[in-house]
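Protein chains: 2
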Amino acid sequence: MFTVSNINEAVAIKKDISEGKVGKAVVIGAGAIGLEMAEALADMWGIETSVVEIADQVLPGIISANVAQMVQHHLKEKEVSLYTGEKVERIEGDTRVRNVITDKRSLEADMVIMAVGVRPNSDLARDAGLRLSPSGAIIVDKRLQSSDPDIYAGGDCVQITNLVTGKPGYYPLGSMANRQGRVIGTNLADGGAEFAGAVGSFVIKLFDISVASSGLSIETAKKEGFDAVSAFVVQFDRAHFYPEKDLIYLELVVEKGTGRVLGIQGVGNTGDGMLARINAVAAILKYRPTIADISNLELPYSPPFSSAMDVLNALANTAENILAGMNRAIEAEQFVEWWKNRKEGETFFLDCRGWGNAGPFVEKYPDHWKNIPQDELKKRIEEVPRDKRIALVCNTGVRSYEAQLILNQMGIKDTYNVQGGMAGLKKYGADL
Amino acid sequence: MFTVSNINEAVAIKKDISEGKVGKAVVIGAGAIGLEMAEALADMWGIETSVVEIADQVLPGIISANVAQMVQHHLKEKEVSLYTGEKVERIEGDTRVRNVITDKRSLEADMVIMAVGVRPNSDLARDAGLRLSPSGAIIVDKRLQSSDPDIYAGGDCVQITNLVTGKPGYYPLGSMANRQGRVIGTNLADGGAEFAGAVGSFVIKLFDISVASSGLSIETAKKEGFDAVSAFVVQFDRAHFYPEKDLIYLELVVEKGTGRVLGIQGVGNTGDGMLARINAVAAILKYRPTIADISNLELPYSPPFSSAMDVLNALANTAENILAGMNRAIEAEQFVEWWKNRKEGETFFLDCRGWGNAGPFVEKYPDHWKNIPQDELKKRIEEVPRDKRIALVCNTGVRSYEAQLILNQMGIKDTYNVQGGMAGLKKYGADL
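Residue numbers (my numbering), protein chains in the order written: chain F, 77 to 508; chain L, 77 to 508.
This is the structure in structure tokens:
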């Protein structure tokens, strides 16, 4: 049984594995460290790996349930067994671990990795009489000075301000610690450096995807009292006509009314295209940007690197359309629920793509999957029922939004645009 | 003879080439379009390609002379012949072009590409009586409304505000036009959308490198009246211990006194790592950031994507050290000049790396290349002359800065740290 807290643990983990002692491993905790360990165990060492997480999703508090499901689907594709919403009750074994017993099952294990979170190591500070937060983090001001003016603190032991919420936060990250070190050094030498706080930026690689975020997820934003909504867009990371390109999946969290941008998150491939977008939003979050700031964000453009209308611009435009009530959007989760209950006949599923894309689905689900290409919708309006809720899909959610506007004009308003379209549903792992 | 202004020209260019009519091509103008055409001609079609540019560097007004020389060195490696500071006087030929005559030479050509810049196509606007700038761009307000309230304008025909200088600017870019289109559409429908202006963001791919910028170059900043200085850093784009990584070369332009950040530019590989850094700075330039904002910029961190102290953070720290007078830095150009005159004996060239790196240079230049590893400097201080100017080099400029601090303490102050170190000099094409 190991933690991942220092190099000795890492050396011991590697030794056990390379001596062939580990066929099955259980990771407890699906935060960043837990998932990175799961990837290393499964991908690098070919170990049969399970992850148990007490919350209902991976990376709880960091990414939305929507994006988390995309990560979970990818872990499944990579044959990592994931058990969310499960509590570990005990670990059995004698000289070695043998079983991890949760409230729902027993998992065999030759190795257990405990990665259930980090707590500030502040015993020394407490003994020194420094002011601590209720969770034990050292309270510092912007100059990183503790309650004792002769003592400065930084890194995993301090509490700093969340610059989005304005409330105290805790960010045990090597990158924070590094930057705080410079601020402390400057101030010890009588300088006037400040570390204002953090917006909470995050990226990890998991097998073939990157997962990244900055600021608040939709669930965290609501928990923090914001009246928030999210927009989700799937778009190529560079010009659609450029030979090498890949889809990028981004969710923007905005406050209703003010249009203030509260956070962003998403998944992409393992290149730096995802980082490029999160970097831009991470950089401006402390300035309290609104949707218009992202809509007009002036990212460098040329076809090998981006689109004339970058995915970030499109994401903000989509958020604006949602806030304006023009785009009545649903997420994959809602679509999947309606689709599961399709036999009840409450929802009319309308595929707005051309027959080439839509045909196979119509043939597979002749009773439930209807195809009217968006550009034929006006003349074929009689085929659209007026007594049902309508779920609109296309490749990525753009044409289905156009279709929604057309249906609106024709007086059909109980329509819902599936954000991210079929590309998003596929990434989500929807069973279609 | 072609321009690159519409699809018909592109089709005609391609037709001529694919019919085998073009063995040699001359591109006039080394702006973005000219260089992209040079790459396409040389790389995709294997044509012997020359570029003639009237300014002293490629991409004039966009990137600094320092970064431009790195681009020029790469073009040379790729066998593109580049003639900067040359003026085309005439083009000779009859049914086809035959020669391009500059003020310095005659270049054979089966094809000439004119890429000398863009002027606003505003005849219609002039005829309609709209207010135009001296250079013919349509003057619009933030709502993109022209001097006739019933007429809005956007794209390559309008003048907008440069958000760094506050002065009028001209940005004929597809990405601008796209975003302005939405603003105009919203306002035509009685909305209140604004397009505040541009900071000037740029990226292109040239063979194996990306070149990108946002805001002002050091030369442009000075021309605009800023008392500016630049810092140059070479660092890995991700954690130094991560298996796949590459160097990234960045220059930050800052105002003395205020520490205000005016611009950034650099070169990297053709991945998106460069874009990720420029995106972050491009996003915040309109908020008038200072060095401290970049020093503490909270970019997402994990080893496959970035360093704990990202190259942007390090770049700002270096700029801070330069402004504080702690880091007396020189650029490659200055080093190259001193190195050319090394036999005059005015400069002592001190390599602060270990013998493994420094040895080959000492052996090649026994009379002029001295090696004292930085960690041996204190005890070997007697080997450092006190009557010469000292140029300090290491791999990337970090250890040579440490050496400079040590020499300072020992009373040796006529020292100059070569920013970017040997990595920067190599990229610059210094003859060593």
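Virtual Cβ for every residue (Gly too), placed ideally from N, Cα, C.
- When the beta-carbon positions are compared, Ile398 of chain L and Val494 of chain L stay at least 8 Å from each other.
- Here Phe283 of chain L is not near Lys218 of chain L, since their CB atoms are 8 Å or more apart.
- When rounded, the separation of the alpha-carbon atoms in Tyr247 of chain F and Gly273 of chain F is 10 Å.
- By the Cβ criterion, the segment 418-425 of chain F is not in contact with the segment 385-392 of chain L, since fewer than three pairs of Cβ atoms, one from each stretch, lie closer than 8 Å.
- With contacts defined by Cβ atoms closer than 8 Å, Ile294 of chain L and Ser140 of chain L form a contacting pair.
- The shortest C-alpha to C-alpha distance from Ser223 of chain L to any of L:Arg207, L:Gly212, L:Asn238 is the one to L:Arg207.
- Taking a Cβ-Cβ threshold of 9 Å, the residues of chain L close to Lys281 of chain F are Ser378, Pro379, Pro380, Phe381, in chain order.
- In the three-state reduction of the DSSP assignment, Asp507 of chain L falls in the coil class.
- Within chain F, the residues placing a beta-carbon under 7 Å from that of Val275 of chain L are Glu374, ordered along the chain.
- In the DSSP assignment, Asp427 of chain F forms a beta bridge with F:Asn447, F:Val469.
- In the same chain as His150 of chain F, and ignoring 5 residues on each side of it, the C-beta atoms closer than 6 Å to its own belong to Ile285, in chain order.
- Setting aside the 5 residues that flank it on each side, Ala506 of chain L is surrounded in the same chain by Ala408, Phe411, Val412, Trp415, each with a C-beta closer than 8 Å to its C-beta; the list follows chain order.
- Of L:Ala108, L:Ile466, L:Ile227, L:Arg404, the smallest CA-CA separation from Leu264 of chain L is found for L:Ile227.
- Note that the C-beta distance between Pro449 of chain F and Arg429 of chain F is below 8 Å.
- The beta carbons of Phe78 of chain L and Ile189 of chain L sit closer together than 8 Å.
- Taking C-beta atoms as the reference points, Ala191 of chain L and Ala229 of chain L fail to come closer than 8 Å.
- Counting along the chain, Ala108 of chain F sits inside the alpha helix (DSSP H) bounded by residues 108-115.
- For Arg353 of chain F, the enclosing alpha helix (DSSP H) starts and ends at 349-360.
- Against chain F, the CB of Gly250 of chain L has a partner CB under 8 Å away; the residue lies at that interface.
- When the Cα atoms are used, Glu155 of chain F and Thr125 of chain F turn out to be separated by approximately 8 Å.
- DSSP places Ser306 of chain F in no alpha helix (DSSP H) but in the uninterrupted beta strand (DSSP E) bounded by 304-312.
- Not flagged as an interface residue toward chain L: Leu117 of chain F, since no C-beta distance is shorter than 8 Å.
- 8 Å or more divides the Cβ of Asp132 of chain F from the Cβ of Val194 of chain F.
- Residue pairing by DSSP puts Pro244 of chain L in a beta bridge opposite L:Thr237.
- Three or more pairs of CB atoms, one per stretch, sit closer than 8 Å, so the segment 345-354 of chain L contacts the segment 342-357 of chain F.
- By the neighbour-count criterion, in which 16 or more other beta carbons inside 10 Å mark a residue as buried, Gly105 of chain F falls on the buried side.
- At the C-beta level, Ser371 of chain F and Ala315 of chain F stay beyond 8 Å of one another.
- Annotation: the continuous alpha helix (DSSP H) that includes Lys298 of chain L extends over 294-299.
- Closest in alpha carbon position to Thr241 of chain F, among F:Val337, F:Leu453, F:Gly212, is F:Val337.
- Here the C-alpha atom of Thr394 of chain L lies approximately 30 Å from the C-alpha atom of Gly339 of chain F.
- Looking at the DSSP output, Tyr325 of chain F shares a beta bridge with F:Val310, F:Val343.
- If you look at Ser251 of chain F, you'll find it in the alpha helix (DSSP H) that goes 250-264.
- As computed with DSSP, Ala101 of chain L is found in a beta bridge with L:Thr125, L:Met187.
- Note that the C-beta distance between Ala288 of chain L and Gln221 of chain L is not below 8 Å.
- Beta-carbon to beta-carbon, Gly473 of chain L and Gly497 of chain L are separated by about 4 Å, close enough to satisfy the 8 Å threshold.
- For Thr491 of chain F, the enclosing beta strand (DSSP E) has its first and last residue at 491-494.
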